[in-house]
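Colleague:
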Amino acid sequence: MKEIFAFISKEFMHIFRDRRTTLIVLVMPVVQIVLFGFAISTEVHNAVVDVLGDMSDPMVQQIVCSIENNEYLEIGKILDNPDQMNERIRKGKAMAALCFENGFDRKLNSEGKASVSIVSDGADPNSAQIVSSYIKGVISSEQLNITTQMTGGGAATMRPNVQLMYNPAMNSSYNFVPGVMGLILMLICSMMTSVSIVREKELGTMELVLVSPVKPFWIILSKLTPYLVLSVINFISVLLLAVFVMDVPINGSITLLSLVALIFVGSSLGLGLLVSVISSTQQTAMLLCGMGLTMPTMMLSGLIFPCESMPVALQIFSDIIPAKWFIIIVKKVMIQGAGLSSIIKELSILTGMMVFLLWFSIKKFKTRLS
Amino acid sequence: MENREKTVIIKHLVKRFGDFTAVNDISFDVHKGEIFGFLGANGAGKTTAIRILCGLSKPTSGEGTVAGYNIRNQQEAIKKHIGYMSQKFSLYPDLKVWENIELFGGIYGLSDKQIAEKTTKMLKALSMEDARDMFVRDMPLGWKQKLAFSISMVHDPQIVFLDEPTGGVDPVTRRNFWKMIYQAASNGVTVFVTTHYMDEAEYCDRVSIMVDGVVEALGSPSQLKERYSANTMDEVFTKIAGRSIREE
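Below is the structure:
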């Protein structure tokens with residue numbers, strides 16, 4: 001037992017004596033969460049909207065005024081020709097422009113219809129879509145007011161009341177906290193474990209350890225334990241950041257959440273061990289983890305792109321990524337407050353993956369030794 | 371050699387990997403306190419044979435004991451009673467000198483008290499008392515090599531395997547290192563050493579030269595030189611290893 005203890009404490013020394021490793025292991029998770037939380041937000045704030053039209057027109061004034069009052073939008077310049085409008089969008093000074101036809105108010109009152117067009121910067125389709133839908137929303141609510149005024153309030157109108165369950169404020173952190181948590185745990189467990197094992201192969205110390213009386217299983221265990229401990233610390237710090245900084249609630253049971261995280265960590269450690277068996281240099285291990293594990297996890301686990309909108313082949317491929325199931329479960333437990341019964345399918349898949357990965361990689365690791 | 375106790379006994383050892391016979395029926399004995407040179411070109415089967423002797427791999431057929439334990443079924447016991455030093459003098463570079471000693475002492479199951487005693491004794495013998503808190507990565511290669519050798523014997527093994535222990539080291543350091551080997555041998559430790567330097571082969575009590583998985587020659591350097599009518603071990607080696615038909 002003493003030899004195992006000596007081994008594990010040595011492993012911690014490797015981590016804390018190398019500033020880079022310490023940084024990756026303890027600071028990166030915090031940075032990632034904060035980055036995703038504040039910088040990389042899919043919401044659009046303070047989008048600049050230019051106006052092309054006659055500002056003396058009362059109806060135009062009214063609409064511009066309500067755009068100005070919208071918390072996501074901001075009026076840029078009042079322009080008088082389309083060239084200026086193109087110029088400003090091209091230079092990125094405005095995100096969208098609103099073009100009113102001449103005599104907007106008069107036409108609306110006399111003919112009952114007037115046209116306004118929304119021009120937005122399609123070079124960035126995501127933001128363009130979001131901004132135009134904000135503007136559309138403002139216009140249609142103005143429209144409703146006008147209709148009510150003109151018909152004396154008796155018009156039959158339908159006003160859709162959109163309600164987002166679990167995330168009424170459409171907080172994008174509700175999506176990325178589970179995602180980033182999956183990414184961090186996977187990165188720490190697979191990359192750090194594999195690199196630390198492969199480094200020992202490179203140094204030649206692995207040989208020394210193998211000719212020692214310590215059994216291979218204990219060598220593996222003592223290699224995995226430190227990263228397991230660090231994952232626990234990271235898991236806790238991500239949860240704390242999520243709750244106290246990002247305002248993401250933990251609606252479900254923390255025990256269940258921790259159990260799920262532990263299972264996911266197990267599968268990631270298995271992956272790391274597997275990578276270490278395959279690779280003979282640290283670079284290979286790093287590349288394999290980066291391109292082979294992190295990239296697919298980022299792209300296919302639903303963290304950035306929803307799995308449902310992927311081609312069938314990619315959807316099937318995404319099913320073998322443990323992080324996908326982990327993220328689904330965390331969303332359910334953390335955000336929806338789901339209990340064990342509603343995650344039983346995903347949990348079984350994840351557990352199966354963990355058992356297989358650990359069994360397979362330990363077996364491979366041992367045969368590689370003899 | 372006045373003491374004829376045998377530390378290694380190998381009889382008809384064979385190791386096959388599929389169709390390939392890496393070690394083809396080799397037999398030899400090594401005595402206690404002997405410096406046994408294990409020579410051979412790359413790919414001659416040296417490494418495979420050493421792995422079997424260290425308890426890392428099982429022979430396909432043949433019998434043998436190392437430090438009195440059977441190479442077939444007492445591998446764990448063998449591991450406890452042998453020391454090993456690789457050609458990279460591998461120690462943990464990011465651990466201090468005393469931490470490396472403590473770690474390997476711990477791995478071999480020494481008590482804290484034994485480790486403390488060993489550390490003091492070892493550093494004194496190496497005149498490295500001042501380097502106790504030094505990181506191994508900051509040490510000169512020669513020091514690292516000596517430390518690695520001492521650490522490989524931290525648990526007082528009966529036999530120590532040295533795999534090309536002097537690779538990449540200057541001649542003076544190499545000579546000093548051989549003094550340590552003689553020291554260990556005179557204390558009764560059997561030294562099993564592989565090398566590519568033929569001048570070092572001259573320092574060994576006995577030398578075996580492997581060619582294509584077979585021990586082609588075995589004897590003291592002077593016997594071998596006489597038998598192959600050569601002036602140096604280098605000539606002996608060239609004559610014998612030149613017979614190899616196996617690709618490297």
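Residue numbers (the working numbering), protein chains in the order written: chain V, 1 to 370; chain R, 371 to 618. Glycine included, every Cβ here is placed at the ideal spot set by N, Cα and C. Treat the numbers as computed from the prediction; the structure is a model and nothing was measured.
(1) What in chain V is Cβ-close to D464(R), meaning under 9 angstroms?
(2) Determine whether the beta carbon atoms of A97(V) and V138(V) lie at a separation below 9 angstroms.
(3) How close, in whole Å, do the beta carbons of V530(R) and I452(R) come, if the pair is a contact with beta carbons under 8 angstroms?
(4) How long is the line joining the alpha carbons of E625(R) and T543(R), rounded to whole angstroms?
(5) Quick one: residues in its chain with C-beta nearer than 7 angstroms to the C-beta of Q129(V), no 5 flanking neighbours on either side, listed in chain order?
(6) Starting from D399(R), trace the beta strand (DSSP E) in both directions and tell me its first and last residue.
(7) Under the three-state reduction of DSSP, which class applies to S556(R): helix, strand or coil?
(8) What three-state label does DSSP hand L183(V) in the structure shown?
(9) Helix, strand or coil: how does DSSP classify G352(V) here?
(10) Taking C-beta pairs closer than 7 angstroms, name the residues in chain R that V214(V) reaches, listed in chain order.
(11) Should H45(V) be labelled buried (16 or more other beta-carbon atoms within 10 Å of its own) or exposed?
(12) Which same chain residues, not among the five before or five after L230(V), have their C-beta less than 8 angstroms away from its C-beta?
(13) Can you find a CB in chain R that lies within less than 9 angstroms of the CB of G204(V)?
(14) Under 9 angstroms between beta-carbons, which chain V residues line up against Y439(R)? List them in chain order, please.
(15) When you compare the CB of K483(R) with every CB in chain V, is at least one pair closer than 9 angstroms?
(16) Starting from F408(R), trace the beta strand (DSSP E) both ways and give me its first and last residue.
(17) Exposed or buried, S279(V), counting other C-beta atoms within 10 Å across all chains shown (16 or more means buried)?
(18) Compute the Euclidean distance between the alpha carbons of D526(R) and I343(V), then round it to the nearest angstrom.
(19) Using beta carbons (cut-off 9 angstroms, strictly below), is V209(V) in contact with chain R?
(20) Should C65(V) be labelled buried (16 or more other beta-carbon atoms within 10 Å of its own) or exposed?
(21) Go ahead and pull the three-state DSSP assignment for N234(V).
(22) For D620(R), write down the residues that DSSP places opposite it in a beta bridge.
(23) Would DSSP call D50(V) helix, strand or coil?
(24) Mapping the DSSP letters down to three states, classify L303(V) as helix, strand or coil.
(25) Got a sec: which bits of the segment 513 to 528 of chain R sit with their beta carbon under 7 angstroms from any beta carbon on chain V, in order along the chain?
(26) How big is the Cα-Cα spacing for L262(V) and P463(R)?
(27) Would you tell me roughly how many angstroms separate the C-alpha atoms of D83(V) and Q143(V), rounded to the nearest one?
(28) For a cutoff of 9 angstroms on Cβ pairs, would you count F474(R) as touching chain V?
(29) So which residues of chain V does E446(R) contact, with C-beta pairs closer than 9 angstroms?
(30) Would you mind listing the alpha helix (DSSP H) stretches within the segment 104 to 167 of chain V that are 4+ residues and don't spill past its ends, in chain order?
(31) Using a Cβ-Cβ cut-off of 9 angstroms, state whether G425(R) counts as contacting chain V.
(32) Can you find a C-beta in chain V that's less than 9 angstroms from the C-beta of K488(R)?
(33) Name the DSSP beta bridge partners of M455(R), please?
(34) Would a check of beta-carbon distances place A6(V) closer than 9 angstroms to chain R?
(35) Report yes or no: do the segment 234 to 248 of chain V and the segment 274 to 292 of chain V share at least 3 C-beta pairs separated by less than 8 angstroms?
(36) List in chain order: all unbroken beta strand (DSSP E) runs of 3+ residues lying wholly within the segment 421 to 465 of chain R.
Modeller: In this structure, then:
(1) Residue 464(R) sits at position 94 when you count from the first residue of the second sequence. The contacting residues are M13, H14, R17 and D18.
(2) Numbered from 1 along the first sequence, position 97 holds the residue referred to as residue 97(V). Numbered from 1 along the first sequence, position 138 holds the residue referred to as residue 138(V). No. Outside cutoff.
(3) Counted from its first residue, the second sequence places residue 530(R) at position 160. Counted from its first residue, the second sequence places residue 452(R) at position 82. Yes, V530(R) and I452(R) are in contact; Cβ-Cβ is about 7 angstroms, under 8 angstroms.
(4) Missing from the structure shown is residue 625(R); chain R here goes from 371 to 618 and no further.
(5) Within the first sequence, residue 129(V) is the residue found at index 129, counting from 1. Around Q129(V): no qualifying Cβ.
(6) Taking the first residue of the second sequence as 1, we reach residue 399(R) at position 29. Note, D399(R): beta strand (DSSP E), F390 to H401.
(7) Residue mapping note: residue 556(R) aligns to position 186 of the second sequence, counting from 1. It is helical.
(8) Here residue 183(V) is taken as the residue at index 183 of the first sequence, counted from 1. DSSP places L183(V) in helix when its eight states are reduced to three.
(9) Counted from its first residue, the first sequence places residue 352(V) at position 352. Correct three-state label for G352(V): helix.
(10) As a working mapping, residue 214(V) is identified with position 214 in the first sequence. The answer, in chain order, is I477.
(11) Here residue 45(V) corresponds to residue number 45 of the first sequence, with the count starting at 1. So H45(V) ends up on the exposed side.
(12) As a first step, residue 230(V) is located in the first sequence; it is residue number 230 there, counting from the start. The residues are I15, V25, L26, I188 and M192.
(13) On the first sequence, residue 204(V) is found 204 positions in, with the first residue counted as 1. Chain R contact via Cβ: present.
(14) In the second sequence, the residue the question calls residue 439(R) occupies position 69. Those do not exist, as Y439(R) stays about 12 angstroms from chain V at its closest Cβ, beyond 9 angstroms.
(15) Residue numbering aside, residue 483(R) sits at position 113 when the second sequence is read from its first letter. No - not a single Cβ of chain V is within 9 angstroms of the one on K483(R).
(16) For the purposes of this step, residue 408(R) is taken as the residue at position 38 of the second sequence. Per DSSP, F408(R) belongs to the beta strand (DSSP E) from I405 to G410.
(17) Translated into positions along the first sequence, residue 279(V) becomes position 279. When all chains shown are included, S279(V) counts as buried.
(18) Walking along the second sequence from the start, residue 526(R) turns up at place 156. Walking along the first sequence from the start, residue 343(V) turns up at place 343. Their Cα atoms are separated by approximately 56 angstroms.
(19) Working through the first sequence from its first residue, we reach residue 209(V) at position 209. So, interface residue.
(20) On the first sequence, residue 65(V) is found 65 positions in, with the first residue counted as 1. Exposed, by the Cβ-count rule.
(21) The residue labelled residue 234(V) in the question sits at position 234 within the first sequence. Helix.
(22) Because chain R spans 371 through 618 in this model, residue 620(R) falls outside it and cannot be assessed.
(23) On the first sequence, position 50 is the one that residue 50(V) refers to. Strand at D50(V).
(24) Translated into positions along the first sequence, residue 303(V) becomes position 303. Looking at L303(V) - three-state DSSP - the assignment turns out to be coil, as it is neither helix nor strand.
(25) none
(26) Residue 262(V) sits at position 262 when you count from the first residue of the first sequence. Residue 463(R) sits at position 93 when you count from the first residue of the second sequence. Distance between the alpha carbons of L262(V) and P463(R): 32 angstroms.
(27) Start at 1 with the first residue of the first sequence, and residue 83(V) comes out as number 83. Start at 1 with the first residue of the first sequence, and residue 143(V) comes out as number 143. Each residue's alpha carbon lies about 28 angstroms from the other.
(28) Indexing the second sequence from 1 puts residue 474(R) at position 104. By this cut-off, F474(R) is an interface position.
(29) Along the second sequence, one-based indexing puts residue 446(R) at 76. The contacting residues are P213 and K215.
(30) 104 to 110 and 125 to 151
(31) The sequence position of residue 425(R) within the second sequence is 55, counting from 1. Closer than 9 angstroms to some Cβ of chain V, the Cβ of G425(R) qualifies, so yes.
(32) One-based indexing of the second sequence puts residue 488(R) at position 118. Chain V, which has no Cβ nearer than 9 angstroms to the Cβ of K488(R), makes this no.
(33) As a working note, residue 455(R) is residue 85 in the second sequence. M455(R) is bridged to L532(R).
(34) As a working note, residue 6(V) is residue 6 in the first sequence. Chain R contact via Cβ: present.
(35) no
(36) 431 to 436 and 452 to 455
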